[in-house]
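Each remark here refers to the structure printed beneath this line.
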Amino acid sequence: MLKQALLYTGKAKSVYETDDPDHLILVFRDDASAFNGEKIAQLDRKGKVNNRFNAFIMQKLADAGIETHFEKLLTPTEVLVKKLKMIPVECVVRNYAAGSLCRRLGVEEGKELNPPTFELFFKDDALGDPMVNESQAIALDWATAEQLAQMKELTYKVNDVLSKIFADGNMMLVDFKLEFGVFHDRIVLGDEFSPDGCRLWDKDTKKKLDKDRFRQGLGGVVEAYEEVAARIGVDLSDI
Ligand code: ADP
Ligand code: TMP
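Residue 1 is where the sequence shown starts when you use full-length UniProt numbering, and the numbers rise one by one after that.
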C-alpha cells in the first residue's frame, strides 16, 4: 500500500492517506504533550515503542473478538489501519480513582471503583476535551444511541481483557481512553492503546508506569513504557 498525502498532524501521530480509500497509515512520532498541548516534549524512542506496544495490544483484542482498525506494522514507526469515520467522543473506563475524577469529586487517588465507571469526553482540543453525557452526544449527532451502547459494551470488554493481561505483569490498569469509528456501518476500535492513553501502576509499589510520569515530571517516561512492554511480553528487541 502506497503512502500518499498527509491528512492530519495530531499531537502524537501523523495520518497519511494511501492509494486505497479504505486504509490509512499512522505514523507514531516521538512527540509528547499534556495539559491540552501546554506541556510539549520530544521523547526519544516513544514513537517506536508505542507503535509496537499498540500492535501487540490490538492483536490481543482481536484474539478476544473485538474488531480493531489494526492491519499490520509497516516500519518501526508506521502502521497500516482501516480508515474509520471517527466518532468525536473518548470512552474512559476507570477501575481506580485518579486524574480528573479525583480533581472533580475530591476522591482519594487509588480508591477502587466497583463497578468500574464509564465516562464520555468530547474530543476537542480547543475546549479541553470536556466531559459529556450520552444524551448530549446523541442530540449533537456525534453518535446514535445504538452506537454508544456498542462503544460502552466494547470498552468494558477491552477492560476485562486488558486488566487480566496487565495483572499477569503485576500491574493495575487504573484507567484508559479508547476512540471508536465507523467502518462500513460497523463500530470499530481505532486510534491506539499505549501507556500514553492509560494509567498503569505497579501492583506492589504503586509506581506509575504511564504518561503521568510525563505530566508530573517524574522522568523515565519511555523507560517505564519499556518496562510495561517487557512485563507483558511485547518484543522490542529489534527497534
Ligand atoms: P490527537 O488528534 O488527539 O492529537 P493523535 O496525534 O494521536 O491525536 O492523532 C491521530 C488522529 O488520528 C486522532 O485524531 C485520531 O482520532 C485519528 N485516528 C486514529 N485512528 C484512525 C483511523 N483508523 N481512521 C481515521 N482516523 C483515525
Ligand atoms: P483523566 O483522568 O484525565 O480524565 O483521564 C482518564 C484516562 O483517559 C487517563 O488514562 C488518560 C486518558 N485520556 C487520554 O488519554 N486523553 C484524553 O483526552 C482523555 C480525556 C483521557
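Glycine included, each C-beta is placed from N, C-alpha and C at the ideal position.
- Query: Taking the C-alpha atoms as reference points, what is the distance between Ser-237 and Phe-56?
  - Reply: Translated into positions along the sequence shown, residue 237 becomes position 237. Translated into positions along the sequence shown, residue 56 becomes position 56. Cα to Cα, the separation comes out at about 14 Å.
- Query: With a CB to CB cut of under 6 Å and the five nearest residues on each side skipped, what residues in its chain are close to Phe-121?
  - Reply: In the sequence shown, residue 121 corresponds to position 121, counting from 1. Glu-90, Asp-129, Met-131.
- Task: Confirm the yes/no value for this check: CB of Phe-176, any heavy atom of the ligand TMP, distance under 7 Å.
- Result: On the sequence shown, residue 176 is found 176 positions in, with the first residue counted as 1. At least one heavy atom of the ligand TMP is nearer than 7 Å to the Cβ of Phe-176, so yes.
- Query: Three-state secondary structure (DSSP) at Val-132?
  - Reply: Position 132 of the sequence shown, counting from 1, holds the residue named residue 132. Val-132 falls in the strand class under three-state DSSP.
- Query: Tell me which same chain residues have a C-beta within less than 7 Å of the C-beta of Lys-3, skipping the five on either side of it?
  - Reply: Taking the first residue of the sequence shown as position 1, residue 3 is located at position 3. Tyr-16, Thr-18, Ile-25, listed in sequence order.
- Just to confirm, does Glu-71 get its C-beta within under 7 Å of one of the non-hydrogen atoms of the ligand ADP? Here the question's residue 71 lines up with position 71 in the sequence shown. Checking every heavy atom of the ligand ADP against the Cβ of Glu-71, none is found closer than 7 Å.
- Query: Thr-155: buried (16+ other C-beta within 10 angstroms of its C-beta) or exposed?
  - Reply: In the sequence shown, the residue the question calls residue 155 occupies position 155. That one is buried.
- Item | Rounded C-alpha distance that separates Asp-44 from Ala-32 | Locating residue 44 in the sequence shown gives position 44, where the first residue counts as 1. Locating residue 32 in the sequence shown gives position 32, where the first residue counts as 1. Answer to the nearest angstrom: the Cα atoms are 10 Å apart.
- Query: How would you write the range of the alpha helix (DSSP H) that Val-161 sits in, first residue to last?
  - Reply: Against the sequence shown, residue 161 aligns to sequence position 161. Unbroken alpha helix (DSSP H) run through Val-161: 145-168.
- Task: State the start and end residues of the unbroken alpha helix (DSSP H) segment that holds Gln-216.
- Result: Within the sequence shown, the letter at position 216 stands for residue 216. Run containing Gln-216: none; DSSP gives neither H nor E here.
- Where does Leu-61 fall in DSSP's three states? Residue 61 sits at position 61 when you count from the first residue of the sequence shown. Reduced to three states, the DSSP call for Leu-61 is helix.
- Task: Please confirm whether Leu-189 and His-69 have their CB atoms less than 8 Å apart.
- Result: Residue mapping note: residue 189 aligns to position 189 of the sequence shown, counting from 1. Residue mapping note: residue 69 aligns to position 69 of the sequence shown, counting from 1. Yes, Cβ-Cβ distance for Leu-189 and His-69 is below 8 Å.
- Message: Mapping the DSSP letters down to three states, classify Ala-55 as helix, strand or coil.
- Response: Taking the sequence shown and counting its residues from 1, one reaches residue 55 at position 55. Note: Ala-55 maps to helix in three-state DSSP.
- With DSSP as the reference, label Leu-105 as helix, strand or coil. Position 105 of the sequence shown, counting from 1, holds the residue named residue 105. Reduced to three states, the DSSP call for Leu-105 is helix.
- Since Arg-186 contacts Glu-71 with CB under 8 Å, what's their CB separation in whole angstroms? Mapped onto the sequence shown, residue 186 falls at position 186. Mapped onto the sequence shown, residue 71 falls at position 71. So it is not a contact: roughly 15 Å between Cβ atoms.
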